[in-house]
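S.K.: Next up is a structure, given as structure tokens.
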Ligand code: SAH
Ligand code: DHB
Ligand code: MG
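Numbering (this note's numbering), first residue to last: 240 to 458.
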């Protein structure tokens, strides 16, 4: 199977089921123009995040890794009028581009982008979140999962991006810090009785990668 085929299927799904969205297109365009890396979730993945957050009836969402705010906008659109999303971003330039994109999407009143290393800013957060999207530096994934659990309630959902990395997650000898980080978060989920979790391989415009999804099932 080729990348070209995966791209074609993503286009087919996105054209029919996600459909053009000038706000999201503008956010991507502004992010690219500002020189941000082109690593936002794919449109059909953004839509899946949105649907999952809606299934959760999420009122409070925490994202770790904002980039230009593409996934942030998808998630924030799932919120009810009084809902809130906090997104943590290390790079001040990324955070600034994201804030502009989020304002352009009419979501400035619902979304706060907090600049800083997530491991430094997570301890400033209080209360519980209904939905988590972990998509920052992969080496810290297990620690982010620990924090998410601390900030969760029974029923919260935790999604972790990029845990497959061309299948390298199954390579116990990998020296890639991202792969080591992904294996650590999978093992942390496996060892944690308060969650029920699974892993999913995906192909598409983002290549061969995948998500881990955990549901908090106990306090
Ligand atoms: N969720 C975004 C993509 C995020 S890319 C989307 O799908 O649209 C990963 C982001 O994590 C980058 O912007 C990077 O600057 C940020 N990041 C890297 N290390 C971080 C850290 N320690 N704390 C917070 N953010 C970090
Ligand atoms: C990278 C990071 C991501 O979050 C992603 O979805 C794809 C690639 C990266 O750092 O290469
Ligand atoms: Mg990602």
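Cβ atoms here follow ideal geometry from the backbone N, Cα and C, with glycine treated the same way.
Treat the numbers as computed from the prediction; the structure is a model and nothing was measured.
1) Relative to the C-alpha of residue 376, which candidate in 430, 364, 336, 305 has its C-alpha closest?
2) How many Å lie between residue 423 and residue 379 at the Cα?
3) Measure how close the beta-carbons of residue 313 and residue 355 come, nearest whole angstrom, since I'm counting them as under 8 Å.
4) Please report the Cβ distance between residue 370 and residue 440, rounded to the nearest whole angstrom; I am assuming they are in contact, meaning their Cβ atoms lie under 8 Å.
5) For residue 317, I'd like the list of residues in its chain whose CB is within less than 7 Å of its CB, leaving aside the five on either flank, ordered along the chain.
6) Less than 8 Å between the C-beta atoms of residue 403 and residue 425, yes or no?
7) Looking at residue 280 and residue 400, is the spacing between their C-beta atoms short of 8 Å?
8) By a C-beta neighbour count over all protein chains shown, 10 Å radius and 16 as the cutoff for buried, is residue 255 buried or exposed?
9) Going by C-alpha distance, which of 321, 320, 319, 327 is nearest residue 311?
10) For residue 268, verify whether its CB is less than 7 Å away from any heavy atom of the ligand DHB.
11) State buried or exposed for residue 405, treating a residue as buried only when at least 16 other CB atoms are found within 10 Å of its CB.
M.R.: Inspection of the coordinates gives the following:
1) Of the candidates 430, 364, 336, 305, the residue whose Cα lies closest to the Cα of residue 376 is 305.
2) In a straight line, the C-alpha of residue 423 is about 9 Å away from that of residue 379.
3) That belief does not hold up - the Cβ atoms of residue 313 and residue 355 are roughly 23 Å apart, past 8 Å.
4) Their Cβ separation, rounded to whole angstroms, is 22 Å, which puts residue 370 and residue 440 out of contact at 8 Å.
5) Closer than 7 Å at Cβ, skipping near neighbours: 289, 292, 293, 297.
6) Taking 8 Å as the Cβ cut-off, residue 403 and residue 425 do not qualify as a contacting pair.
7) Taking 8 Å as the Cβ cut-off, residue 400 and residue 280 qualify as a contacting pair.
8) With fewer than 16 other CB atoms across the displayed protein chains lying within 10 angstroms of its CB, residue 255 is exposed.
9) Here the closest residue by C-alpha is 327.
10) It does not: the Cβ of residue 268 is nowhere closer than 7 Å to a heavy atom of the ligand DHB.
11) Residue 405 is exposed by the Cβ-count criterion.
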